[in-house]
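Residue numbers (my numbering): 48 to 155. Okay, structure first, notes after.
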């Protein structure tokens, strides 16, 4: 899934290693992202981007649409970060975002 959000973040810290936070839970990474740690989002995208793309591709049967919708999912995840309460797992939250987007697409 490399390049899915290439250029999304304008300020990168080249000395910071994504691997140094790669052992954290999804929930902790999402909290860190909400607090401004962009590397945490990169780890979440690396962990779950392929899974989301695969799900969207299987659901809609159109690879290009699946790529677009995968980006939409993660944009919604980004937008929701400040409001994430942590009363469910990140995966539960992620698949709720996916479900809601699929419903929106099917309605349109």
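Every residue gets a Cβ at the ideal spot worked out from N, C-alpha and C, and that includes glycine.
Checklist entry - What is the residue span of the alpha helix (DSSP H) that residue 155 lies within? => result The residue you call residue 155 lines up with position 108 of the chain shown. That residue, residue 155, is in no alpha helix (DSSP H); it is neither H nor E in DSSP.
Next on the checklist: Residues in the same chain with beta-carbon distance under 8 Å from residue 145, minus the five sequence neighbours each way, listed in chain order, please.
Outcome noted: The residue labelled residue 145 in the question sits at position 98 within the chain shown. Result list for residue 145: 99, 102, 103, 120, in chain order.
Checklist entry - Taking just the CA atoms, how far does residue 90 sit from residue 68? => result As a working note, residue 68 is residue 21 in the chain shown. As a working note, residue 90 is residue 43 in the chain shown. Taking the straight line joining both Cα atoms gives about 8 Å.
Next on the checklist: Please identify the residue among 71, 88, 114, 70 whose C-alpha is closest to the C-alpha of residue 127.
Outcome noted: Within the chain shown, numbered from 1, the residue matching residue 127 stands at position 80. Out of 71, 88, 114, 70, the CA that lies nearest to the CA of residue 127 is found in 88.
Next on the checklist: Please identify the residue among 95, 79, 74 whose C-alpha is closest to the C-alpha of residue 118.
Outcome noted: Taking the chain shown and counting its residues from 1, the one referred to as residue 118 is at position 71. The residue among 95, 79, 74 with its C-alpha nearest the C-alpha of residue 118 is 95.
Checklist entry - Where does residue 138 land, buried or exposed, given buried means 16+ other C-beta within 10 angstroms? => result Locating residue 138 in the chain shown gives position 91, where the first residue counts as 1. Exposed: under 16 other Cβ atoms inside 10 Å.
Next on the checklist: Would residue 140 and residue 131 be called neighbours here (beta carbons separated by less than 8 Å)?
Outcome noted: In the chain shown, counting from the first residue as 1, residue 140 sits at position 93. In the chain shown, counting from the first residue as 1, residue 131 sits at position 84. Going by C-beta atoms, residue 140 is nearer than 8 Å to residue 131.
Checklist entry - Just how far apart, CA to CA, sit residue 80 and residue 125? => result For the purposes of this step, residue 80 is taken as the residue at position 33 of the chain shown. For the purposes of this step, residue 125 is taken as the residue at position 78 of the chain shown. In a straight line, the C-alpha of residue 80 is about 8 Å away from that of residue 125.
Item to check | Three-way DSSP call (helix, strand, coil) for residue 147 in this model | outcome: The count along the chain shown starts at 1 and reaches residue 147 at position 100. In the three-state reduction of the DSSP assignment, residue 147 falls in the helix class.
Item to check | Buried versus exposed call for residue 105 [16 or more other C-beta atoms within 10 Å across all chains shown] | outcome: The count along the chain shown starts at 1 and reaches residue 105 at position 58. Within a 10 Å sphere around the beta-carbon of residue 105 sit fewer than 16 other beta-carbons, which makes this residue exposed.
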